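What follows is one structure encoded as structure tokens, with my remarks underneath.
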Amino acid sequence: MLSFSSFSAIALQALIGSALAGNAIINNHCGYDVHLLSTSTNAQSVIPAGQTFVEGLTGGAGKSLKLAKDPAGFWAHGITQFEYTVTDTLWYDISLIDCANGNDAGGCPGHEGGIRLEATGDGCAVAECAANSYCPDQAYFVWNDDLATKSCGPGQAGGDVTMTLCSGAGMKKRVAGRIQY
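In mature numbering (1 follows the signal peptide of the UniProt record, and there is no 0), the protein residues as written are -21 to -1, 1 to 160.
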């Protein structure tokens, strides 16, 4: 039989082993609040317009941060997903599967202003879907298309991964009367 101190040490080691150095970060640059459901913690929260959400990365496969304009949307059509998996490598993607209608992602939170997903570290790929665009090599529009999965270099399993909603990607800006891209 394990002593209390032995059990506590084993439990602490397991807890430390599941926590990784790095965070999943969502910047909400949209003009509206976004509702979030984390599959890592099963917690729901709201990311107010102009605010940031941070959650520690957790190891294992199939983690997702589900984003909706309406909290009832978590269980229906209308979510943008920030998905990641941490093994010996950090893998991540933007999923519009549950909100796109064919090539149209107009119902996806953040897509009307562009979505960007990037990780810190050497050799980490960036996913960027311009505002209102069809970008199957940058975001999942269908479940069986592996073009949109991004990663860091082999053995790089830590660091921050940041999704920016309404990132301004592909949007026109007017500066001093001139249009810039």
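No residue lacks a Cβ here, since even glycine has one placed at the ideal position from N, Cα and C. Just so you know, these numbers come straight off a predicted model, no measurement behind them.
| Check | Outcome |
| --- | --- |
| Which residue's Cα is closest to the Cα of Ile4: Asp124, Val25, Asp139, Lys45? | Asp139 |
| Measure the Cβ-Cβ separation of Thr31 and Asn2 and say whether it is below 8 Å. | no |
| In the region 60 to 125, which residue ranges form an unbroken beta strand (DSSP E) of at least 3 residues, counting only runs that do not cross its ends? | 69 to 74, 94 to 98, 106 to 108 |
| Assuming Leu46 and Pro88 form a contact by the criterion Cβ under 8 Å, report the distance between their Cβ atoms to the nearest whole angstrom. | 5 Å |
| Are the beta-carbon atoms of Cys9 and Cys145 separated by less than 8 Å? | yes |
| Could you please give the first and the last residue of the uninterrupted beta strand (DSSP E) stretch that includes Thr141? | 140 to 144 |
| In the structure shown, what three-state DSSP assignment does Ala3 receive? | strand |
| Measuring only the C-alpha atoms, how far is Leu36 from Ala(-1)? | 7 Å |
| Is the beta carbon of His90 sitting closer than 8 Å to the one on Leu75? | yes |
| With H, G and I counted as helix, E and B as strand and the rest as coil, what does DSSP make of Ala47? | strand |
| Nearest to Leu16 by CA position, among Gly39, Gly38, Lys48, Ala40, is which residue? | Lys48 |
| Which first and last residues belong to the beta strand (DSSP E) in which His14 is found? | 13 to 17 |
| Mind reading off the beta-carbon distance from Val33 to Asp12? Whole number of angstroms is fine, and I expect it under 8 Å. | With 8 Å as the limit, Val33 and Asp12 do not qualify as a contact, their Cβ atoms being about 17 Å apart. |
| Looking at the structure shown, is Ser127 part of a helix, part of a strand, or coil, going by DSSP? | Before going on, a small fix: residue 127 reads as Ala here, not Ser. Ala127: helix per DSSP, three-state reduction. |
| In or out: Thr68 buried (at least 16 other Cβ within 10 Å) or exposed? | exposed |
| Could you pull out every residue in the same chain whose Cβ sits closer than 7 Å to the Cβ of Cys114, ignoring the five residues on either side in sequence? | Cys108 |
| When DSSP builds the beta bridges, which residues end up paired with Gly39? | Val65 |
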